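A.B. asks: Okay, here's the structure, questions in a sec.
4 protein chains.
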Amino acid sequence: MAIHLGANQYGKAENRVVRVYRDTPRHQIRDLNVSTSLRGSFEAAHTTGDQADVLPTDTQKNTAFAFAKEKGIGAIEDYALTLGAHFLDASPAAEGARIEVEEYAWERIDDHDHAFVRAGTGVRNTVVNVEGRGAQRKAYVVSGISDLVVLKSTGSEFHGFLKDRYTTLQETDDRILATSLVARWRYDASPTGDGSVDWDKSYDGIKRLLLERFANIHSLALQQTLYGMGSAVLEAHPEVAEIKFSAPNKHHFLVDLSPFGVENPGEVFIAADRPYGLIEATVTRDDAGDAGSAWHATPGFC
Amino acid sequence: MAIHLGANQYGKAENRVVRVYRDTPRHQIRDLNVSTSLRGSFEAAHTTGDQADVLPTDTQKNTAFAFAKEKGIGAIEDYALTLGAHFLDASPAAEGARIEVEEYAWERIDDHDHAFVRAGTGVRNTVVNVEGRGAQRKAYVVSGISDLVVLKSTGSEFHGFLKDRYTTLQETDDRILATSLVARWRYDASPTGDGSVDWDKSYDGIKRLLLERFANIHSLALQQTLYGMGSAVLEAHPEVAEIKFSAPNKHHFLVDLSPFGVENPGEVFIAADRPYGLIEATVTRDDAGDAGSAWHATPGFC
Amino acid sequence: MAIHLGANQYGKAENRVVRVYRDTPRHQIRDLNVSTSLRGSFEAAHTTGDQADVLPTDTQKNTAFAFAKEKGIGAIEDYALTLGAHFLDASPAAEGARIEVEEYAWERIDDHDHAFVRAGTGVRNTVVNVEGRGAQRKAYVVSGISDLVVLKSTGSEFHGFLKDRYTTLQETDDRILATSLVARWRYDASPTGDGSVDWDKSYDGIKRLLLERFANIHSLALQQTLYGMGSAVLEAHPEVAEIKFSAPNKHHFLVDLSPFGVENPGEVFIAADRPYGLIEATVTRDDAGDAGSAWHATPGFC
Amino acid sequence: MAIHLGANQYGKAENRVVRVYRDTPRHQIRDLNVSTSLRGSFEAAHTTGDQADVLPTDTQKNTAFAFAKEKGIGAIEDYALTLGAHFLDASPAAEGARIEVEEYAWERIDDHDHAFVRAGTGVRNTVVNVEGRGAQRKAYVVSGISDLVVLKSTGSEFHGFLKDRYTTLQETDDRILATSLVARWRYDASPTGDGSVDWDKSYDGIKRLLLERFANIHSLALQQTLYGMGSAVLEAHPEVAEIKFSAPNKHHFLVDLSPFGVENPGEVFIAADRPYGLIEATVTRDDAGDAGSAWHATPGFC
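Residue numbers (this note's numbering), protein chains in the order written: chain A, 7 to 308; chain B, 7 to 308; chain C, 7 to 308; chain D, 7 to 308.
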């Protein structure tokens, strides 16, 4: 009954890297939250405390900041790919590097050169997994958006569902549909990192499409809305292999005003916190390719 | 050494009232967080548990939702004034009613009739205090904005400060200035509630002015920036008697890249969480009128 | 219509000061969150940006850490009084200093010498306001506890309340009563800072009494429970002049299981998040003395 | 290039179920946060909006509350297993059910019959995955603890690590080691659900052992501490197949007081928020059995 080390991972989480481009009076700003980690054959570090194979998390932090200057920050996907490849090269015992980046958007105040206000409609992010050495080097890119809070005040139904002894929900052909959307899409393996994907353009197009589809799909269920959004993304974006959604159903319950002699034909709602429905779905292609470690998160804690 | 009841207040906090206007296919949505409370001569409730004078917090909740339909929701100031006057009338033992409302902004998706995305630049709010009965009825309105996150990547200095044995801070003539602004302004007492203030127009103008001034004042200190913002509001908005700011100085520290042989001329920063500077200031008129209970919050817990 | 600076305050918030006492192998640990601020005649800093009177918030931070070693950390009240007096002396333009300290409690793991686990029942805190110079020096101490989450599964009623058109709440003689208590008590002015109050002993006694009274008062309303708790503190602790409570009524609603043919005689509840009742009350003495700036918080934002 | 539905899951998250046992005057309380979900062949719901196979999340919620009375709540693992089996039976299209339960601990106030105070050292939880029908029914149980905040003020070193161009970290043989531990352990498949594991006893033993090992292992790295904790659990608990840790390294940085002429030999630290090290590790047996869907979380979003 011997005991041994299984999956493991270590790194520095939530480095708040802010990069100002000031080569001209019209500044640019990139505002990131960067988490890096390495995984692999780190037995000695765990079993005997020998750190000879361990590149400190402090070094990972230093590198995230140094690269912001040395390599610059363009699309977060490129920055993450560069960091991931570097860490894997710098750490012979590592088998994989995982780099996660969130980017906070800023808008100019009155088109000002160096004054900005935080924009609020969704947070862009990417997770890059880099593996292998030499000709075996692979890189997987999953990008996404979170905190995209959307609502439809009509155009949403829910009926015809399975019923059992514990079912009390009334069917409805008109309700509020609201969610704080998380969407993450995996880029097709082959173009990854070779410059063939325009990350910014791809992100902008997908975000626009997600909003447009949410608005215009007549919803019979949140599942159906998500599937429609995902299908549209796959159809319009050949660079995307699959897309996943996690969407809390932010319930808006119609308030019963009849005790006060007041009618409420779909006008006054209470927005509830908990519990909430949680709908998760993947939309994929028949030939979605090898996902490899694309969705790698942590060794089992998710 | 007798013991007695002092200041007190009770109510229902954080009613999440969502109101949809759907008289035409082009819906409107108002998304509020409403907290109501009453204060006054509630000795019996406290000392003997006799609730005869206590309008339940549950009733306050019901009323907040019912009024969303019966009275409708225009400017949050009007909705709050109406609720405050009602609760004071409904509760003979009460001496004051305090109504606090936050409003979450939504933007249309592609100008859609009934699909929206949450906007993120600041949360509008108001606190209304209503007092007195009959001809003595007074109402105070303090409106504001919170979570307005702004940043300047240059145009900010800090030097010439007082030094003592514990001072190590270096003087600088170029730093990042960033804050998550809270601003609250008290409307002059006389016009309150009589329809002479266009609340929405006043709010929009003040928000615009705060952003514009933040952008264009060359900052020698956050204090000076805030004072300049406040002065501009008072000068342009005669309906405002005074304005208060609470502004965390969200430090962005220049990262020392010299150990890696990399220069960093104001380009790479780490955004810190804690500790943070906290700057608070009031800008007021020489004749600012009677603030009465305008700034009333809780009986001492703030 | 001249404009001028009103109430103002600036400082460094949330310094996370951890002090280890290691003079013997049996370590002691004090884990604090320290916020300091100064207020007074800081017109130049605001109107012209001249910082000559401003002791930087960075210096305040340095001092909070240095004093943890130079002066040591005993009771948080003594540490705060020492910091407050120092800052007022170090800043000629200041009229008052406000020091707020939270302390996080740790318990030893198996009575270990240097291994600890965070304890969770309430966070101790203090707010000290120091004013005046020389013989006019005054210091006010308000100490308290927050996040003290308590619940009674019976022994709580609520009935006989005022009813109006919007009242639908049913009267009850048995409900769950739960709150996350905030209590803050002002120490009588005269002994403040002169060593006559044993802060730790006073805190321990008050916390114990608050819990005991919450448990044993048969509740007719949360107001009556709070008043009974406050009265008991004032009766047993002559060093306390008044006490304030802020208590969210954390509603536990009985779930209707009748649609499933299941009875629910006070056994299954849903714990709700929002809205919640919010009950605030002060219990004071007939001769409570001068509160001075004891309850000073910020210049109007609370 | 056809498009189809991939992994999916839906349910009701964060049902706050509170169960009072009041058969005698000495009440018992169970305070849970329950999230349930189903996954499987739900194509129609997604592609056409046909909900005939979908047991509503509202029904899942009702059931979680009804079962708290009908089945009662003993160990959270038993409650979750019962719910999971029920949902799978109630939903012919489902292939798996995932039930996650957190339990909040309460302690009696002064051994009172019905008054409690929330205890704070860690939150117990379980995730149960139930799959298959009839003789193929399988159930996997992963239980754990989160928010277990622990600290050692000495007995922790970190040196001998890999260095590269970006390494600036100094080696140390004495530092503070602190983490907010998440530990989750998978129970061996065979006994799951058959009554052979005493869940409460197992949990209590593991929690005690984790604390004891954290305290008594002289740490050369957080990795080595975690591995030692995990090994001890596997050695003492044959019912556990493997254990995973996620441990943020909550940095406590020694403050440089030398500019003030003050020495700081390991006594004054600043507790930092971000960034933080994040160490994750699995400790497993050579024959750890089939994990099946034990670690199933969401279809890729973790």
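Ideal placement from N, C-alpha and C gives every residue a C-beta, glycine not left out. Note that the coordinates shown come from a computational prediction; the quantities given were computed from them, not determined experimentally.
Between the region 53-82 of chain B and chain A, which residues of the former have a C-beta closer than 8 Å to a C-beta of the latter?
C.D. replies: Residues passing the 8 Å Cβ filter: N68, F71, A72, A74, K75, E76.
A.B. asks: Would you call the region 32-45 of chain D and the region 8-18 of chain D in contact, with 3 or more CB pairs under 8 Å?
C.D. replies: Yes, the region 32-45 of chain D is in contact with the region 8-18 of chain D.
A.B. asks: Provide the residue(s) that pair with H258/A in DSSP beta bridges, ordered along the chain.
C.D. replies: DSSP, once it has assigned bridges, lists A277/A as partnering H258/A.
A.B. asks: Note down, in chain order, every chain B residue with its Cβ under 8 Å from the Cβ of L175/C.
C.D. replies: Within 8 Å Cβ-Cβ: P62, D64, T65.
A.B. asks: Go ahead and pull the three-state DSSP assignment for R219/B.
C.D. replies: Helix.
A.B. asks: Buried or exposed: which applies to F307/B, given that a residue is buried once 16 or more other Cβ atoms fall within 10 Å of its Cβ?
C.D. replies: Only weak support exists for where F307/B lies, its pLDDT of 46 falling under 50; the coordinates are left without a value.
A.B. asks: Can you tell me the Cα-Cα spacing of P271/C and H257/A, whole angstroms?
C.D. replies: Answer to the nearest angstrom: the Cα atoms are 28 Å apart.
A.B. asks: With a Cβ-Cβ cutoff of 8 Å, do V26/D and E273/C count as a contact?
C.D. replies: A contact, by the Cβ cut-off of 8 Å.
A.B. asks: Using a Cβ cut-off of 8 Å (strictly closer), state whether P271/C contacts chain A.
C.D. replies: So no, P271/C is outside the interface.
A.B. asks: Relative to the C-alpha of A125/B, which candidate in D117/A, G138/A, V155/A has its C-alpha closest?
C.D. replies: The shortest Cα separation from A125/B among D117/A, G138/A, V155/A belongs to V155/A.
A.B. asks: What residues from chain D crowd round R291/A, counting only those whose CB sits closer than 9 Å?
C.D. replies: Near R291/A (Cβ distances below 9 Å), the residues of chain D are M7, A8, I9, H10.
A.B. asks: Between G128/C and G236/A, what straight-line distance do the alpha-carbon atoms span, to the nearest angstrom?
C.D. replies: Cα to Cα, the separation comes out at about 47 Å.
A.B. asks: Short check: CB of A238/B to CB of Y193/B, under 8 Å?
C.D. replies: Not closer than 8 Å, so no.
A.B. asks: Just to make sure I have the definition right: I need the residues of chain C whose C-beta is within less than 7 Å of the C-beta of F266/A. Which are they?
C.D. replies: Chain C residues near F266/A: R171, Y172.
A.B. asks: Could you work out which residues of chain D lie near H120/C, taking near to mean beta carbons separated by less than 7 Å?
C.D. replies: Chain D residues near H120/C: K158, S159, T160, G161.
A.B. asks: In whole angstroms, what is the alpha-carbon distance linking R22/B and S264/C?
C.D. replies: So the alpha carbons of these two residues sit roughly 28 Å apart.
A.B. asks: With a cut-off of 8 Å, does the C-beta of H224/B fall near any C-beta of chain A?
C.D. replies: Judged by the 8 Å Cβ criterion, H224/B is not in contact with chain A.
A.B. asks: Suppose only complete runs of 3+ residues qualify. What are the beta strand (DSSP E) ranges in the region 59-116 of chain D, listed by chain order?
C.D. replies: With a minimum length of 3 residues, the continuous beta strand (DSSP E) runs that stay inside the region 59-116 of chain D are 100-110, 112-114.
A.B. asks: Quick check on D296/C: buried or exposed, where buried means 16 or more other Cβ atoms within 10 Å of its Cβ?
C.D. replies: Flag for D296/C reads exposed.
A.B. asks: Under a three-way DSSP split, which group does L240/A fall into?
C.D. replies: Note: L240/A maps to helix in three-state DSSP.
A.B. asks: So, L11/B versus A100/B, is the Cβ gap smaller than 8 Å?
C.D. replies: Not in contact: L11/B and A100/B (Cβ atoms no closer than 8 Å).
A.B. asks: Relative to the C-alpha of R6/C, which candidate in A74/C, E106/C, A103/C has its C-alpha closest?
C.D. replies: With chain C running from 7 to 308 in the structure shown, residue 6/C is simply not present.
A.B. asks: Below 8 Å on the Cβ atoms is my contact criterion, and I expect S299/A with N135/A to pass it. Report the Cβ-Cβ distance as a whole number of Å.
C.D. replies: S299/A to N135/A, Cβ: 4 Å. Contact.
A.B. asks: Using a Cβ distance threshold of 8 Å, determine whether the region 143-158 of chain B contacts the region 106-123 of chain A, with at least three qualifying pairs required.
C.D. replies: Output reads yes: the region 106-123 of chain A touches the region 143-158 of chain B.
A.B. asks: Note down, in chain order, each residue of its chain lying with its Cβ closer than 8 Å to the Cβ of A8/C, except the 5 sequence neighbours on either side.
C.D. replies: So no residue of the chain qualifies.
A.B. asks: With distance defined between alpha-carbon atoms, name the residue in I82/A, D116/A, I249/A, V147/A nearest to A195/A.
C.D. replies: Of I82/A, D116/A, I249/A, V147/A, the residue nearest in Cα terms is V147/A.
A.B. asks: Using beta-carbon positions only, say whether R104/D and G150/D come within less than 8 Å of one another.
C.D. replies: Result no, Cβ atoms of R104/D and G150/D do not sit closer than 8 Å.
A.B. asks: According to DSSP, simplified to helix, strand and coil, what is K169/D?
C.D. replies: If DSSP states are grouped into helix, strand and coil, K169/D belongs with coil.
A.B. asks: For chain B, is any of its Cβ atoms less than 8 Å away from the one on D116/A?
C.D. replies: It does; some Cβ of chain B falls within 8 Å.
A.B. asks: Strictly under 8 Å for the Cβ-Cβ distance: is D279/D near chain B by that measure?
C.D. replies: Yes, because at least one Cβ of chain B sits closer than 8 Å to the Cβ of D279/D.
A.B. asks: Taking only the alpha-carbon atoms, compute the straight-line gap between V60/A and D180/B and give it to the nearest angstrom.
C.D. replies: Answer to the nearest angstrom: the Cα atoms are 38 Å apart.
A.B. asks: DSSP state of A297/C, grouped into three classes?
C.D. replies: A297/C: coil per DSSP, three-state reduction.
A.B. asks: What does a CB cutoff of less than 6 Å around V188/B pick up in its chain, not counting 5 residues either side in sequence?
C.D. replies: Excluding positions up to five away in sequence, the list reads S152, S252.
A.B. asks: Please identify, using Cβ separations under 8 Å, the residues of the region 22-36 of chain A that lie next to chain B, in order along the chain.
C.D. replies: Of all residues in the region 22-36 of chain A, R22, V23, V24, R25, V26, Y27, R28, H33, I35 have a Cβ within less than 8 Å of some Cβ in chain B.
A.B. asks: Run through the DSSP bridge pairs and tell me what W191/B is partnered with.
C.D. replies: S149/B, I249/B.
A.B. asks: Tell me, please, whether the CB atom of V123/B is closer than 8 Å to any CB atom in chain A?
C.D. replies: True, the Cβ-Cβ gap to chain A drops below 8 Å.
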